[in-house]
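Engineer:
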Amino acid sequence: MTDEEAVKIFKCLSDKSRVQILKSLVQEPMYVERLAERLSLTPSTISFHLKKMVDAKIVNSKKEQYYAIYSINEEILSFRMIDILREESTEGELQKKREDEYRKKVIDTFFEHGKLISIPVQRKKERIVLEKIAESFEMEKDYTEREVNIIIADFHDDFCTIRRDMVGEGILERTENSIYKRVQTVENC
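Going by this note's numbering, the first residue of the sequence shown is number 7, and it counts up by one from there.
1. Does the separation of the CB atoms of H55 and S23 fall below 7 Å?
2. Can the beta-carbon of I52 be found less than 7 Å from the beta-carbon of I15?
3. Is the beta carbon of R169 less than 7 Å from the beta carbon of I158?
4. With distance defined between alpha-carbon atoms, name the residue in E70, I88, T8, Q33 nearest to A62.
5. How about the segment 173–192 and the segment 146–153: do they share at least three Cβ pairs that are nearer than 8 Å?
6. Can you tell me which of the three DSSP states K103 falls into?
7. Nearest by alpha-carbon distance to N66: which of E10, M36, K130, Y108 is it?
8. Between which residues of its own chain and A42 is the CB-CB distance below 7 Å, once the five residues before and five after are set aside?
9. Assign Y76 to one of two classes, buried (16 or more other C-beta atoms within 10 Å of its C-beta) or exposed (fewer than that).
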């Protein structure tokens, strides 16, 4: 189910009259006039709501003699809400692209010729900068504090602050005997 289809369903379910129509159709398939009579609404109002529900695919319509008979689409309505929300989203790809562009912009702003110009004040930007620096560390390799300082010093003179922040962000782990490890994978730009 696409995001657009899910939105249509949620919009349909957010109207009291449509919910009442669905409750009636759960009991049995019906035509417009019978629904109108049952719910004390005009046939044109019922037709309007049914069109929206047919468009959202939560109601089916079939022709029988002179009438259109409406019934619920059990396949769609049997979806659990959590299943709809867990489905892959086209928005996810767009969000990933936006995040990658933002990450690149932050790196381009704070790094010049491979050197860190300044440590960002905003935590989100600092996290991106720290992840970029962490790419210089091998996963699960042990580093002494001196080795960590040398690697960080290649990026910025304030290696103590950066080392402390990398530990605080869970990018580096420090053991009791001052051995450091890169413990978190980071996305490459």
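Even glycine gets a Cβ: it sits at the ideal position worked out from N, Cα and C.
Structural biologist: Judging by the given coordinates:
1. With a cutoff of 7 Å on beta-carbon distance, H55 and S23 are scored as near each other.
2. Going by C-beta atoms, I52 is not nearer than 7 Å to I15.
3. Yes. Within cutoff.
4. Nearest option by C-alpha distance: T8.
5. Per the Cβ contact rule, the segment 173–192 is in contact with the segment 146–153 (3 or more Cβ pairs under 8 Å).
6. Of the three classes helix, strand and coil, the one that applies to K103 here is helix, per DSSP.
7. The shortest C-alpha to C-alpha distance from N66 to any of E10, M36, K130, Y108 is the one to M36.
8. Answer for A42: T48, P49, I52, listed in chain order.
9. If you draw a 10 Å sphere on the C-beta of Y76, you find 16 or more other C-beta atoms in it, and that means buried.
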